[in-house]
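Enquirer:
Residue numbers (this note's numbering): 622 to 671.
Given below as structure tokens:
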């Protein structure tokens, strides 16, 4: 579908920070509930896998 992207990853235990680059603009995951400040002063989504 237009405007829909999906990916499936198997992540090992750890802490993962991420954002999406959409049409040249950084955006956070709208389903993200945990955030952490990055070195640029903006927020990344944070996912912890145990």
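A virtual CB, placed ideally from N, CA and C, is assigned to each residue, including glycine. It should be emphasised that the depicted structure is a prediction, and the values quoted were computed from it without experimental measurement.
Could you spell out the range, first to last residue, of the beta strand (DSSP E) harbouring residue 657?
Expert: 656 to 658
Enquirer: Given a threshold of 16 other Cβ atoms within 10 Å of its Cβ, counted over all protein chains shown, does residue 665 qualify as buried or as exposed?
Expert: buried
Enquirer: Can you tell me whether DSSP reads residue 667 as helix, strand or coil?
Expert: strand
Enquirer: If contact is defined by three or more beta carbon pairs under 8 Å, each pair taking one atom from either stretch, is the segment 635 to 642 in contact with the segment 651 to 671?
Expert: Between the segment 651 to 671 and the segment 635 to 642, the count of Cβ pairs shorter than 8 Å is three or higher; the stretches touch.
Enquirer: Within its chain, find whatever has a CB closer than 6 Å to the CB of residue 668; leave out the 5 residues flanking it on each side and keep chain order.
Expert: 637
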